[in-house]
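Below, the structure written as structure tokens:
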């Protein structure tokens, strides 16, 4: 199975930028400009979803063929997402309870603790248009949106099996057309679908279709290029498009080119690493960084910085932020190794889905 290391490092960098954006809301004075400068990079979330669609279709597009294989696929995806979602959600539920009984003075923004939204958060449907604001671990809307796309994978597979690339292209155009229609008619209460979070499931499904289309193009391409720099150039151009706030479809096109080129070079030269060795453990945990950083934000900013440090020094704030970001990455790495992998391995074994361990190599004298 191809590792797609360029995707790893891109998602890791995107997770760091998203974390920095959220932490930047607590910056003193002129430091607040940071969040405004990073805000146009919001379509990096679409990059996450496009890459997820690429990887999911590349892995499961041929495997999901009936109800049983569909159930196995959903089970594997659920045990990858849900344990960490439940752990971080439980933290915010606990903080909300402590605030409500007066043990803590504050736990961050009061609207986070909307108890009527707890069932939708538990069911991972909070990004399906059933809530009007984010709550608890606010970034988990993207997990809800991905879960929606996972559930609808058979739609993508059916379009491809019935009409090939043309079927995926028609589905892609239809998805973005529906998004525009939902915004235009006011069904989706956002100025643009790019801003959608509580309605993010529909945006994510469209990006998944684009990712699936790119996965097929990479698989069928006869191009033999293995240089990494064109893919890096394309992703940097996509980021420049975001910062310049060009039309979202220009950005999507550049993201599509970047993902296509990255997938192509990883297919052609799968053994070459695309980033320094010391980053490899961290680059694999972008999901954990993304989901854990609201917890460290709650502890180190909503509580410690806002109520105990309260410094007006920009230098101190950014030094402190660098420390918290590093700590968040370490927490994500520990979570991945000791919690997520351990639990998912147990759940796979419990369901009889774990791969058998390879048999030990026999000495040469015994192989004849």
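Residue numbers (the numbering used here): 650 to 1017.
Quick reminder that beta carbons are idealized off the backbone N, C-alpha and C, glycines included.
Asked                                                                                                                                                                                   : Found
Can you say whether residue 873 is buried or exposed, counting buried as having 16 or more other CB atoms within 10 angstroms of its CB?                                                : exposed
Taking only the alpha-carbon atoms, compute the straight-line gap between residue 706 and residue 916 and give it to the nearest angstrom.                                              : 15 Å
Just the Cα atoms here: how many angstroms apart are residue 928 and residue 672?                                                                                                       : 22 Å
Where do the N-terminal and C-terminal ends of the alpha helix (DSSP H) with residue 970 fall, by residue?                                                                              : 963 to 983
Mind checking residue 876: buried by the 16 CB within 10 Å criterion, or exposed?                                                                                                       : exposed
Just to confirm, are residue 848 and residue 776 a CB contact at a threshold of 9 Å?                                                                                                    : yes
Tell me whether the stretch 878 to 892 and the stretch 826 to 841 touch, counting them as touching only if at least three CB pairs, one residue from each stretch, are closer than 8 Å. : no
Along the alpha helix (DSSP H) that carries residue 707, what are the first and last residues, could you check?                                                                         : 693 to 709
Can you list, in chain order, the residues of its chain with a C-beta nearer than 8 Å to that of residue 723? Leave out the 5 residues immediately preceding and following it.          : 799 and 800
Taking the alpha-carbon of residue 814 as reference, which of 730, 867 and 946 has the nearest alpha-carbon?                                                                            : 867
Among 871, 902, 727 and 894, which one has its Cα closest to the Cα of residue 993?                                                                                                     : 727
Taking 9 Å as the cut-off, decide whether the C-beta atoms of residue 733 and residue 984 are in contact.                                                                               : yes
By alpha-carbon positions, which one of 709, 752 and 669 ends up nearest to residue 967?                                                                                                : 669
Can you list, in chain order, the residues of its chain with a C-beta nearer than 6 Å to that of residue 955? Leave out the 5 residues immediately preceding and following it.          : none
Taking only three categories from DSSP, how would you classify residue 762?                                                                                                             : coil
Looking at residue 659 and residue 884, is the spacing between their C-beta atoms short of 9 Å?                                                                                         : yes
The alpha helix (DSSP H) that contains residue 672, what's its start and end?                                                                                                           : 654 to 672
Counting C-beta neighbours from all protein chains within 10 Å, is the total for residue 700 16 or more, i.e. buried, or is it exposed?                                                 : buried
On the three-pair Cβ rule with 8 Å, is the stretch 776 to 796 touching the stretch 760 to 767?                                                                                          : yes
Suppose you measure from the CA of residue 973 to the CA of residue 838; what does that come to, to the nearest Å?                                                                      : 34 Å
Please state if the CB of residue 953 and the CB of residue 981 are separated by a distance shorter than 9 Å.                                                                           : no
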